[in-house]
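Enquirer: With the numbering used here applied, the sequence shown corresponds to residues 50 to 469, in that order.
Structure in structure tokens, see below.
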Amino acid sequence: MAAAEPQWVLMATGRSPTNIAVIKYWGKRDEALILPVNDSISVTLDPDHLSATTTVAASPAFPSDRMWLNGKEIELSGGRFQSCLREIRKRARDVEDKKKGIKIKKEDWEKLHVHIASYNNFPTAAGLASSAAGFACLVFTLGKLMNVNEDYGELSSIARQGSGSACRSIYGGFVKWCMGKNDNGSDSMAVQVVDESHWDELVIIIAVVSSKQKETSSTSGMRDSVETSPLLQYRAQTVVPGRILKMEEAIKNRDFDSFARLTCADSNQFHAVCLDTSPPIFYMNDTSHRIISLVEKWNHAEGTPQVAYTFDAGPNAVLIARNRKTATLLLQKLLYCFPPQDNDLDSYMLGDKSILSDAGLQSVADIEALPAPPEMKMPNQKFKGDVSYFICSRPGAGPKVLTDESHALIDSATGLAKGV
Ligand SMILES: Nc1ncnc2c1ncn2[C@@H]1O[C@H](COP(=O)(O)OP(=O)(O)OP(=O)(O)O)[C@@H](O)[C@H]1O
Ligand SMILES: C[C@@](O)(CCOP(=O)(O)OP(=O)(O)O)CC(=O)O
């Protein structure tokens, strides 16, 4: 910082979870404003397992806006980052930090530049919706720094302009993104259906599936689907509205049977739309199909759904078990079919690792001793190496401010990202 400049740096740090849709968003009616063709519903994941942490700093000494993602400087010039920054700056209000002797007037925010540093506690751009956690966190934390009014609906509508699915990460629990009707997008925002404590029995296991293929991004994939898939129009206009009502009902009543049937059907229809796109988009691979088959057979054998599956724009399986007991049985079946490639069970199970001991699995030898799942057609088929690792999570809370300064990702003395 130049010596002649005032030396203060004002900072805020926040943490936001990622989310996974159980009724999918796929298709925009407005590309620039990110307005969807249908409503969607998601579950927010526990931020301890999958979240973005972001520090935003403002100082009169900063000559331009800058951002670091996972320790590397990235361009902020993209339209999506610019939309979020512009919309938050518009709503900035007076800020006073008496302890530090800082006074910022509402109108000063237009001239003040920001430095942003963010870190994802899970892989970025690996099909785990890092953009959802990332843009929700950016908007939430900038809102805190600039003292923006605490209207979560409005914050979600700004996060939407970073990445559509990000608008749902502004809340915990189950969340609905209402597509809205207005051309300017003012009514396209998320609302909370129930908070994270409402259905806390659910256990979410994510199988991160090894994939060498470069996937089609959600943004370009859904653009192609809107342009070419007749099924997308039918889905958006005829199927989703009814499913949204039933899904809200199922969530409010903790009706797992209905919840699981709707979740699986909607994931399958989303992937059918991808196949109906020209050229067709293949997000799932053989491993994804094997996992679907395992769950379908088990659910069928039990006569009632034990586990719901859903897949986003990639091969990773997100499996939602009705309770802890079911989740341990699911894990045994999954680990039988997809044993770890090396002896390291600790790095094969991330998130809530205690599920391993609940399933009686303390070592790789315990996995080798597992019996074949009875519903498997060919019991000796094992697919070592086809799953990179598992993450065990649960429904979680929405964004929060981290007040402990040790969480800050920007050094208040230099105004730069720590460790770069
Ligand atoms: N913590 C973050 N803060 C701000 N932006 C982020 C953050 N993490 C990711 N992003 C943005 O999201 C982009 C990655 O989004 P992309 O859609 O490619 O992957 P993904 O969201 O992890 O996967 P998918 O959308 O397939 O689930 C990054 O290039 C960056 O622009
Ligand atoms: C399959 C999905 O995950 C698609 C998510 O798409 P994005 O929100 O990543 O797309 P953009 O709005 O273009 O940034 C389904 C969902 O999350 O609802």
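Virtual Cβ for every residue (Gly too), placed ideally from N, Cα, C.
If you compare alpha carbons, which of G213, K261, S246, I253 is closest to M238?
Expert: For the purposes of this step, residue 238 is taken as the residue at position 189 of the sequence shown. Comparing Cα positions, the closest option is G213.
Enquirer: Enumerate, from N- to C-terminal direction, the unbroken alpha helix (DSSP H) stretches of 4 or more residues contained entirely within the segment 148-202.
Expert: Here the runs fully enclosed are 179-194.
Enquirer: Taking only three categories from DSSP, how would you classify S269?
Expert: Here residue 269 corresponds to residue number 220 of the sequence shown, with the count starting at 1. Note: S269 maps to helix in three-state DSSP.
Enquirer: Please report the straight-line C-alpha distance between I69 and S180, rounded to a whole angstrom.
Expert: Reading the sequence shown from its first residue, position 20 is the one you call residue 69. Reading the sequence shown from its first residue, position 131 is the one you call residue 180. I69 and S180: Cα-Cα distance of roughly 12 Å.
Enquirer: I need the straight-line Cα distance from K426 to E203, nearest angstrom please.
Expert: Counting from one through the sequence shown, the residue named residue 426 turns up at place 377. Counting from one through the sequence shown, the residue named residue 203 turns up at place 154. Distance between the alpha carbons of K426 and E203 is about 51 Å.
Enquirer: CA-CA distance, A466 and V450?
Expert: Numbered from its first residue, the sequence shown carries residue 466 at position 417. Numbered from its first residue, the sequence shown carries residue 450 at position 401. Cα to Cα, A466 sits roughly 18 Å from V450.
Enquirer: Within the present structure, is the beta-carbon of F184 separated from the nearest heavy atom of ligand 1 by less than 7 Å?
Expert: The residue you call residue 184 lines up with position 135 of the sequence shown. The answer is yes for F184.
Enquirer: Please name the residue in V288, K154, V144, I165 whose C-alpha comes closest to that of G120.
Expert: The residue you call residue 120 lines up with position 71 of the sequence shown. Considering only alpha carbons, the answer is I165.
Enquirer: Runs of 3 residues minimum, wholly inside the segment 236-267: which ones carry the beta strand (DSSP E) assignment?
Expert: Correct list: 238-243, 252-258.
Enquirer: Bridge partners of V344, per DSSP?
Expert: To locate residue 344, count along the sequence shown from 1; it is residue 295. DSSP, once it has assigned bridges, lists no residue as partnering V344.
Enquirer: What are the start and end residues of the alpha helix (DSSP H) that includes L134?
Expert: Working through the sequence shown from its first residue, we reach residue 134 at position 85. That run of the alpha helix (DSSP H) goes 128-139.
Enquirer: I'd like to confirm the pairing. Which residues does DSSP put opposite S437 in its beta bridges?
Expert: Within the sequence shown, the letter at position 388 stands for residue 437. BP columns for S437 are empty, so no partner.
Enquirer: So E245 and G363 are in contact, right, with Cβ under 8 Å, and what is the actual spacing, rounded?
Expert: By 1-based counting over the sequence shown, the position of residue 245 is 196. By 1-based counting over the sequence shown, the position of residue 363 is 314. That belief does not hold up - the Cβ atoms of E245 and G363 are roughly 25 Å apart, past 8 Å.
Enquirer: Short of 6 Å in beta carbon distance, which residues of its chain neighbour T3, apart from the five on each side in sequence? Order them along the chain.
Expert: With the chain running from 50 to 469 in the structure shown, residue 3 is simply not present.
Enquirer: Flag A362 as yes when its Cβ comes closer than 7 Å to any non-hydrogen atom of ligand 1, and as no otherwise.
Expert: One-based indexing of the sequence shown puts residue 362 at position 313. A362: yes, Cβ under 7 Å from ligand 1.
Enquirer: Could you check what DSSP says for A59 in three-state terms: helix, strand or coil?
Expert: Residue numbering aside, residue 59 sits at position 10 when the sequence shown is read from its first letter. Before going further, note that residue 59 is Leu rather than Ala in the sequence given. L59 falls in the strand class under three-state DSSP.
Enquirer: Less than 7 Å separating the Cβ of S259 from some heavy atom of ligand 1?
Expert: As a working note, residue 259 is residue 210 in the sequence shown. Not so, every heavy atom of ligand 1 lies at least 7 Å from the Cβ.
Enquirer: Between which two residues does the alpha helix (DSSP H) carrying K225 extend?
Expert: Numbered from its first residue, the sequence shown carries residue 225 at position 176. From DSSP, K225 is part of no alpha helix (DSSP H) but of the beta strand (DSSP E) over 223-227.
Enquirer: Tell me, please, which residues DSSP counts as bridged to I123.
Expert: Translated into the one-based positions of the sequence shown, residue 123 becomes position 74. Its beta-bridge partners are M116.
Enquirer: Taking just the CA atoms, how far does F130 sit from V144?
Expert: In the sequence shown, counting from the first residue as 1, residue 144 sits at position 95. In the sequence shown, counting from the first residue as 1, residue 130 sits at position 81. Using only the alpha carbons, I get a separation of about 23 Å.
Enquirer: Taking 8 Å as the cut-off, decide whether the C-beta atoms of V243 and I300 are in contact.
Expert: To locate residue 243, count along the sequence shown from 1; it is residue 194. To locate residue 300, count along the sequence shown from 1; it is residue 251. Yes, Cβ-Cβ distance for V243 and I300 is below 8 Å.
Enquirer: Report yes if the C-beta distance between A182 and T336 is below 8 Å; otherwise report no.
Expert: If you number the sequence shown from 1, residue 182 lands on position 133. If you number the sequence shown from 1, residue 336 lands on position 287. In this structure, T336 does not lie closer than 8 Å to A182 by Cβ.
Enquirer: Should A366 be listed as close to ligand 1, given that the test is whether its C-beta is under 7 Å from any heavy atom?
Expert: Indexing the sequence shown from 1 puts residue 366 at position 317. For ligand 1, not one heavy atom lies less than 7 Å from the Cβ of A366.
Enquirer: Which residue marks the beginning of the alpha helix (DSSP H) containing T375, and which one marks its end?
Expert: Working through the sequence shown from its first residue, we reach residue 375 at position 326. It spans 373-386 - the alpha helix (DSSP H) in which T375 sits, taken as one unbroken run.
Enquirer: Does the segment 101-120 touch the segment 387-394, meaning 3 or more C-beta pairs lie closer than 8 Å?
Expert: These segments do not touch.
Enquirer: Kindly examine ligand 2 and report whether one of its heavy atoms sits closer than 7 Å to the Cβ of S267.
Expert: Position 218 of the sequence shown holds residue 267. Flag set: Cβ of S267 near ligand 2.
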